[in-house]
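Asks: Let me give you the structure first, and then I'll get to my questions.
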Amino acid sequence: MRVLLASTNRHKLEELAAALAPSGIELVDPRSLGALPSVDEDAPDFAGNARKKALSAARASALWALADDSGLEVEALGGAPGVRSARFAGPGATDAANNRLLLERLVGVPPQRRGARFVCALCLARPDGTIVAEAQGSARGRILEAPRGAAGFGYDPLLLFDEPGQPGCGSTYAELTQEQKNQVSHRGRAIARLVEALRERRARE
C-alpha cells in the first residue's frame, strides 16, 4: 500500500517509513511528485492541523495521504510551544533556535516544574475527502537545562523521557537509536494506534 507523506520533513519521513514498513505501508516522498499546496497550520490543536494537511495533500496528489502534526507542550509555559513548536522562535526557525528560546524561557524554573510531553497526531485521508483513520500519541518527560545526545531532531535533545518501567526511561530521544525511539516515542505510539485502527477498519469491510 503506497501512501503519500504530507510533509517534506525528512526526519519525519525516515521515522514514519521505518515504523510503518512492517505493516506493509510504503511512504511516498512528496518531493518526488513536485511541490504540494501549502497549508495554513492554524488549527487550535495537533489533530486539526494533521487533518488539514492530509486532506489537502490527498486532493492535490490523487493519492492516499498521511499527515503528522506534532510538538512539545511544557507545563511551566502553559502548554507552549504547542502547535507552534516548529516555529517557536519565528517562521522558518531552526531546531537550534527553537531549543535556545525554550531554554531561555525556562531559566530559573526548577526541575520539578519542567514537566513536558511530546504529542503526535496522525491523519490518513483519501483523495475523495474521506478521513480513513486518525490517531494520537504522547510521551512524558521533563526539559533539561542543556541538550544531551546527538541523534534525533527538534526538541529531542532537551526532553528527558521519564516514564518509569518503559525502555529508554532516563534518556533523551537524542540518546536513543531510531528503533528504540520508535518503541516509546509519541510518534511511535501514534503509529501503533493508527495501524490498529486500519486493521479494525479492514476487518469491518
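Taking the working numbering, the leading residue of the sequence shown gets 24, the next gets one more, and so forth. No residue lacks a Cβ here, since even glycine has one placed at the ideal position from N, Cα and C.
Just grab the DSSP bridge partners of residue 142 for me.
Replies: According to DSSP, which records beta bridges pairwise, residue 142 is partnered with 94, 161.
Asks: Give me the DSSP bridge partner(s) of residue 148.
Replies: In the DSSP output, where bridge partners are listed per residue, residue 148 has 88, 154.
Asks: When the Cα atoms are used, what is the spatial distance from residue 191 to residue 67?
Replies: Going by the C-alpha atoms only, they are around 31 angstroms apart.
Asks: Could you have a look at residue 69 and say whether DSSP puts it in helix, strand or coil?
Replies: Helix.
Asks: For the stretch 115-122 against the stretch 40-49, are there 3 or more C-beta pairs whose distance is under 8 angstroms?
Replies: These segments do not touch.
Asks: Whose C-alpha, out of 144, 201, 26, is nearest the C-alpha of residue 80?
Replies: The shortest Cα separation from residue 80 among 144, 201, 26 belongs to 26.
Asks: Using 10 angstroms around the beta-carbon of residue 135, count the other beta-carbons present and answer buried if the total reaches 16, otherwise exposed.
Replies: With fewer than 16 other Cβ atoms within 10 Å, it is exposed.
Asks: Looking only at its own chain, which residues have a Cβ that is under 6 angstroms from the Cβ of residue 199, when we skip the five neighbours before and after it?
Replies: So the qualifying residues of the chain are 191.
Asks: Rounded to the nearest angstrom, what separates residue 206 and residue 212 at their Cα positions?
Replies: Their Cα atoms are separated by approximately 7 angstroms.
Asks: In the structure shown, what three-state DSSP assignment does residue 28 receive?
Replies: In this structure, residue 28 counts as strand in the three-state DSSP scheme.
Asks: With H, G and I counted as helix, E and B as strand and the rest as coil, what does DSSP make of residue 219?
Replies: Note: residue 219 maps to helix in three-state DSSP.
Asks: If you draw a straight line from the C-alpha of residue 179 to the C-alpha of residue 85, how long is it?
Replies: So the alpha carbons of these two residues sit roughly 34 angstroms apart.
Asks: Which residues in the same chain as residue 105 place their Cβ atom closer than 7 angstroms to its Cβ, once the five residues preceding and following it in sequence are excluded?
Replies: Cβ within range, chain order: 94, 96.
Asks: Could you check what DSSP says for residue 106 in three-state terms: helix, strand or coil?
Replies: Three-state DSSP puts residue 106 in a helix.
Asks: Taking 7 angstroms as the threshold (C-beta atoms), are residue 164 and residue 183 in contact?
Replies: Their beta carbons are under 7 angstroms apart, which means residue 183 touches residue 164 by this criterion.
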